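J.: Okay, here's the structure, questions in a sec.
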Amino acid sequence: IVYLEASIGFRCRRDVTSFKPHPWGLVQEGFIVSSRVAVAHSVLALLASLCAVLAMLGLGSASAFASSPSHTQAIDSPNSLNAVSCVPETTECVVSDSKGNALYSTNVSVASSATWTPWSGPAGESPSEAVACPSSSLCMLADGLAEEGIGGNMYYATSLGGTWKEAFEPSFGIVAVSCPSTSFCVDSQAPGGLIHFSNEPASIEWNGLYAGDGAMNAVDCLSSSFCAVVNGSGDLYVADTAAKIKEEAGWKSTDIDGTGALHGVACTSPTSCFAVDGKGNVLDLTINGSGEATVSKHDIDGTTDLTAITCTEGFMCVAVDSNGNVFVSSDGGTTWSEQLALGTDLTGISCSSSSLCLTVDTAGNVTAFAPPLFPLTVFITGEGEVTLTPAGIKCSTEECTHVFEGEVTLTAAKAGVGYEFAGWIGCRRASATTCTVDVTAASEVTAVFLKAGKEGVAGKESSAGKEGATGNEGKTGATGPPGEKGATGVAGLQGPAGAQGPAGPAGKLELVTCRTVNGKRHCTTKLVSGTIKFTATGSAAQATLSRRGVVFASGSARSTRGRMSLWLVPLRILRPGKYTLTLISGDGKHKGISSESFTLN
């Protein structure tokens, strides 16, 4: 039945008059829906009847819970374990017992038994009520030398399992000690309102003062400049500067619980602390700038004595009670859920991280567990909005925090006016605007929105500038290399005729005679010398002897009885070569031109 209750998110109230959905369950359309099953109203009615039967049998007073992964181990029976301290962000924890001794482990786990090594106290007398180990290199222990049932002297060791050395002997026994670092510690004593502080805890340099009245039951320091102490009369004492911690007048007192005895205190910031009392209440404290506190109470445990509380650096807090119940808040104390029911008187609680806590009891047992929820802080750079699935927060400010179970999907829903979403830091990218994160990954994510740039306006075209002055003439350049030979140029014009030279020897002509027979032209050549006579018909004709358009001789030709006579007067020296004889006869439309080519040797 207990398993079924846990599975469907259902538990019996102590008055057994009704049922209520567990935070893991969701009522929707007549069903309670959880991660495991969906149960109809008829089944719920049956379960309600079973609760009534359990109540009649005396079993209904134990409430069901969403079980956390846990492991219980007996390490010091039959001695009572009175205090516990886990080194932050490690699996190292130290406990102290009713004989003034300690035990330590370096492999605390929620899955299996750890190895616990006895660490004999300096006196071995009862009891040891306080232990604090801010690191593996420093542990503080109050042994059992002082008044019976209260605690004892303060000792220190500089390694796990190392030798204990005496720091100081108080007037009354020490019941609590807090060390935010290896260079600062504060204890609280009972009775008398005494505390001690030191900036060199691993030494005899400790100073005492009266911070308040009565038994100072618990102390928590965030740093060397902020500490809170609660007493057995319902008072809270706060010192919020390093100087105030060292002055009796620096501790500001606020009555937060009437005359009720306060048994534990834990702070998450200089403005927020939590205390627990003997009546099942968690007191949510808001601290102002003067160190005064305003309080709101959360009854999470009926009238059962809450014996201790601790908070991690995030928003997770854990409280334990004298009936063996463990309560967890993962949203900064706003809501609390019962995570474990161990059935023994729990005396202390310490968490090394949001995923590993250790509690101790009066039967010599330790229980390591992992709270199922984890805090997630979303930071926004620029302006934009981030939403999360499953729904929990909608971020549009610089920082927002919530707690989740399992995997969370973050979405950059929209960018602010003038901004564009640029990307994620600290999570696994799923798409252009989404990413995922879970308890195994980083607990801080940043969404980056960058301001979009505007397109610039085109500038005006400037007018043409004035023409600059003429520069100085440049120097003559070096002589270039000889150019390549150019192509053969066009023949120049014929120059004027030179003076006539002396008569040369008689030349010879190659006479070319052509006839047309049966439509075909036949030409013959004959080398001749002297006077050449042509036979032609008709009247005289003009004759020219030319070469390449230049006339070398001119005269006339006459045809008599079929023979032509040619008289030529040389105008230029006739040199061997090819010439053209042109005959022009008649005039006007009767003008005839004929030409013959021959070679002059």
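Quick note: the sequence shown uses our numbering, first residue 316, plus one each step.
All C-beta atoms in this analysis are idealised placements derived from N, C-alpha and C, irrespective of residue type, glycine included.
Since the model is a prediction, treat every value here as computed from it, not as a measurement.
1) In the DSSP output, which residue or residues are listed as bridge partners for residue 860?
2) Consult DSSP for residue 708 and reduce its assignment to one of helix, strand or coil.
3) Taking the CB atoms as reference points, tell me whether residue 683 and residue 733 lie closer together than 8 Å.
4) Out of 475, 474 and 505, point me to the one whose CA is closest to residue 467's CA.
5) Which whole runs of the beta strand (DSSP E) in the region 512-547 are 3 residues long or more, in chain order?
6) Using alpha carbons as the reference points, say which of 868, 439, 748 and 906 lies closest to residue 895.
7) Going by DSSP in three states, residue 998 sits in which element: helix, strand or coil?
8) Thinking C-beta only, is residue 494 closer than 8 Å to residue 531?
9) From residue 556 to residue 392, what does the alpha carbon distance come to, in whole angstroms?
10) Quick one: what's got a C-beta closer than 6 Å to residue 374's C-beta in the same chain, skipping five residues either side?
11) Quick one: using the 10 Å Cβ neighbour count with 16 as the cut-off for buried, is residue 351 buried or exposed?
12) Using a Cβ distance threshold of 8 Å, determine whether the region 398-412 contacts the region 693-705, with at least three qualifying pairs required.
13) Does the contact criterion of 3 or more C-beta pairs under 8 Å hold for the region 573-592 versus the region 542-552?
14) Cα separation between residue 570 and residue 587?
15) First and last residue of the beta strand (DSSP E) that includes residue 680?
16) Along the chain, where does the beta strand (DSSP E) that runs through residue 610 open and close?
17) Alpha carbon to alpha carbon, what distance is there between residue 477 and residue 389?
18) Are the CB atoms of residue 763 and residue 696 within a distance shorter than 8 Å?
19) So does the region 470-486 actually touch the region 419-436, counting three or more Cβ pairs closer than 8 Å?
20) Buried or exposed for residue 633, please, with buried defined as at least 16 other CB atoms from any protein chain shown within 10 angstroms of its CB.
21) Run the CB neighbour count on residue 639, radius 10 Å, all protein chains shown included, and call it buried at 16 or more, exposed below.
22) Do residue 498 and residue 514 have their CB atoms nearer than 8 Å?
23) Just verifying my parser: in three-state terms, what is the DSSP assignment at residue 759?
24) What does the Cβ neighbour count give for residue 641, buried or exposed, with the cut at 16 atoms within 10 Å?
25) Quick check: the Cα distance between residue 717 and residue 751, rounded to an integer number of angstroms?
26) If we ignore side chains and look at the alpha-carbon of each, how far apart do residue 439 and residue 603 end up?
27) Does residue 851 pass the burial test, meaning 16 or more other C-beta atoms within 10 Å, or should it be called exposed?
28) Does the beta-carbon distance from residue 689 to residue 667 come in below 8 Å?
29) What beta strand (DSSP E) runs, 3 residues minimum, are completely inside the region 424-464?
30) So, with DSSP's three-state summary, where would you put residue 549?
31) Is residue 625 near residue 581, with beta carbons less than 8 Å apart?
T.: According to the data block:
1) DSSP, once it has assigned bridges, lists 868 and 896 as partnering residue 860.
2) In the three-state DSSP reduction, residue 708 falls in the coil class, being neither helix nor strand.
3) In this structure, residue 733 does not lie closer than 8 Å to residue 683 by Cβ.
4) Closest by C-alpha distance to residue 467, out of 475, 474 and 505, is 505.
5) For the region 512-547, whole beta strand (DSSP E) runs of length 3 or above, ordered along the chain, are 522-525, 531-538 and 541-546.
6) Of the listed residues, the one whose Cα sits closest to residue 895 is 868.
7) No answer is possible for residue 998: the residues shown for the chain start at 316 and end at 916.
8) No, these two residues do not count as a Cβ contact at 8 Å.
9) CA-to-CA, the gap between residue 556 and residue 392 works out to about 42 Å.
10) Any answer about residue 374 is weak, because its pLDDT of 31 lies below 50 and its placement is not dependable; what the coordinates show is given next. Closer than 6 Å at the Cβ level, and outside the excluded window around residue 374, lies no residue.
11) Confidence in residue 351 is poor, its pLDDT being 27 and thus under 50, which makes the residue's placement unreliable; the coordinate value appears in the next sentence. Its Cβ having fewer than 16 others within 10 Å, residue 351 is exposed.
12) Here the region 398-412 makes no contact with the region 693-705; the two share fewer than three CB pairs at distances below 8 Å.
13) Segments in contact, yes.
14) For residue 570 and residue 587, the distance between alpha carbons rounds to 16 Å.
15) In the DSSP annotation of this structure, the continuous segment of the beta strand (DSSP E) that includes residue 680 starts and ends at 680-684.
16) Under the DSSP assignment, residue 610 falls in the beta strand (DSSP E) whose first and last residues are 608-614.
17) Linking residue 389 to residue 477 through their CA atoms gives a straight-line distance of about 23 Å.
18) In this structure, residue 763 lies closer than 8 Å to residue 696 by Cβ.
19) Contact between the region 470-486 and the region 419-436 is present, because at least three Cβ pairs lie under 8 Å.
20) Around the beta carbon of residue 633, a 10 Å sphere encloses 16 or more other beta carbons of the protein chains shown; the residue is thus reported as buried.
21) Residue 639 comes out buried.
22) For residue 498 and residue 514, yes; Cβs fall inside 8 Å.
23) Strand at residue 759.
24) Counting Cβ neighbours within 10 Å, residue 641 comes out buried, since at least 16 surround it.
25) Near 15 Å, if we compare the C-alpha coordinates of residue 751 and residue 717.
26) Their Cα atoms are separated by approximately 43 Å.
27) Any answer about residue 851 is weak, because its pLDDT of 46 lies below 50 and its placement is not dependable; what the coordinates show is given next. With 16 or more neighbouring CB atoms inside 10 Å of its own CB, residue 851 falls in the buried class.
28) Contact annotation: residue 689 and residue 667 have beta-carbon atoms that are not nearer than 8 Å.
29) At a cut-off of 3 residues, the continuous stretches assigned as beta strand (DSSP E) that sit fully inside the region 424-464 are 432-434, 445-450 and 453-457.
30) Residue 549 falls in the coil class under three-state DSSP.
31) It is a contact, given that the beta carbons lie within the stated cut-off.
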